[in-house]
Amino acid sequence: MAKEVSLTGRCLCGAVRFKGTASEPKVAACHCSMCRRWSSGPYFEVSCEDVAFEGEDNITKIRSSEWAERAFCKRCGSNLFYRLIDSDEFQVSAGLLDDQSGLKLSLQVFIDEKPPFYTLANRTETMTAAEVYAAFAPAPD
Ligand SMILES: [Zn+2]
Ligand SMILES: [Zn+2]
Numbered sequence: 470m471a472k473e474v475s476l477t478g479r480c481l482c483g484a485v486r487f488k489g490t491a492s493e494p495k496v497a498a499c500h501c502s503m504c505r506r507w508s509s510g511p512y513f514e515v516s517c518e519d520v521a522f523e524g525e526d527n528i529t530k531i532r533s534s535e536w537a538e539r540a541f542c543k544r545c546g547s548n549l550f551y552r553l554i555d556s557d558e559f560q561v562s563a564g565l566l567d568d569q570s571g572l573k574l575s576l577q578v579f580i581d582e583k584p585p586f587y588t589l590a591n592r593t594e595t596m597t598a599a600e601v602y603a604a605f606a607p608a609p610d
């Protein structure tokens with residue numbers, strides 16, 4: 470059964486704070502080249518809904534692809550979230566969360582783009598790039 474949890478977090482400098490709700494305290498890691506260029510390593514994210522930000526003036530958003538945007542704190546550079554345009558769901562950076570004790574890494578995506586210099590030991594589900602696109606690509610209309 471899904472257990473909904475409330476989450477709070479902040480960027481490194483504290484200029485941006487947020488709270489939100491996660492249907493389950495699950496973490497996904499993305500190994501794609503964009504996330505690694507953005508984060509230096511895999512991007513660990515928690516899907517949050519009902520997200521409310523404080524210090525929104527300090528958020529800079531960049532359109533990183535046709536379908537998604539990424540946001541960071543313009544004062545300290547902390548990565549804040551990845552979001553599909555027009556989605557209510559924010560893939561919040563797991564590192565921002567104040568309490569990470571209940572989080573569980575459950576999924577690794579773009580596993581076929583992971584560089585060979587690291588491997589996560591956690592037992593998780595994995596998806597290749599092709600599997601991700603097949604699962605999440607909007608149906609042609
Ligand atoms: Zn900041
Ligand atoms: Zn990625």
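So the sequence shown is numbered by my numbering: it starts at 470 and just counts up by one.
Cβ coordinates follow ideal geometry from the N, Cα and C atoms, glycine included.
Quiz item: Does the Cβ-Cβ distance between residue 488 and residue 476 come in under 8 Å?
Solution: yes
Self-check item: Beta-carbon contacts of residue 543 that lie in its chain and below 6 Å, excluding the five residues immediately before and after
Solution: 527, 529
Practice problem: Taking only heavy atoms of ligand 2 into account, decide whether any of them is closer than 7 Å to the Cβ of residue 503. | Solution: For residue 503, the shortest separation between its Cβ and any heavy atom of ligand 2 lies below 7 Å.
Practice problem: Can you tell me which of 579, 593, 480 puts its alpha carbon nearest to the alpha carbon of residue 502? | Solution: 579
Exercise. Verify the contact flag: residue 602, CB atom, against every heavy atom of ligand 2, threshold strictly below 7 Å.
Key: no
Quiz prompt | Element boundaries [beta strand (DSSP E), containing residue 475] | solution = 474 to 479
Self-check item: Reference residue 491, options 555, 561, 484, 593, closest by Cα
Solution: 561
Quiz item: Where do the ends of the beta strand (DSSP E) carrying residue 542 lie?
Solution: 537 to 542
Exercise. Rank 553, 582, 547, 583 by C-alpha distance to the C-alpha of residue 484 and give the top, closest one.
Key: 547
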